[in-house]
Amino acid sequence: MNKRWVIKIGSALLTNDGKGLDKIAIASWVSQISELKRQNIDVVLV
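Position 14, counted from 1, in the sequence shown is what numbering that gives the first Met the number 0 calls 13; the numbers after and before it change by one each time, with no gaps.
Encoded structure:
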């Protein structure tokens, strides 16, 4: 049975406190989530 992680990323983190999308942070999260998927961990992003 695979593990399942639920990850919540709030709008303040996504938008760098309302200053526009934080592309560096988003790229980092994508990399980290990809690694979890490689480890057969299901990820639910909310």
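A virtual CB, placed ideally from N, CA and C, is assigned to each residue, including glycine.
Please report the Cβ distance between residue i and residue j, rounded to the nearest whole angstrom; I am assuming they are in contact, meaning their Cβ atoms lie under 8 Å.
| i | j | result |
| --- | --- | --- |
| tryptophan 4 | valine 45 | Wrong, their Cβ atoms sit about 11 Å apart, outside the cutoff. |
| isoleucine 40 | asparagine 1 | 7 Å |
For residue i, collect the residues of the same chain with a Cβ closer than 8 Å to its Cβ; drop the 5 residues on either side in sequence, then sort them by chain order.
| i | result |
| --- | --- |
| leucine 13 | Leu20, Asp21, Ala24 and Ile25 |
| alanine 11 | Gly17 |
Cutting at 6 Å between CB atoms, please list the residues of its own chain near residue i, excluding the five before and the five after it.
| i | result |
| --- | --- |
| leucine 35 | Val42 |
| asparagine 15 | Asp21 |
| lysine 7 | Val45 |
With residue i as the anchor, note down where its beta strand (DSSP E) starts and where it stops.
| i | result |
| --- | --- |
| lysine 7 | Careful: lysine 7 lies outside any beta strand (DSSP E) and carries neither H nor E. |
Short of 7 Å in beta carbon distance, which residues of its chain neighbour residue i, apart from the five on each side in sequence? Order them along the chain.
| i | result |
| --- | --- |
| tryptophan 28 | Ile8 |
Sequence ranges, alpha helix (DSSP H) only - wholly within the stretch 10-35, length at least 4: 10-13
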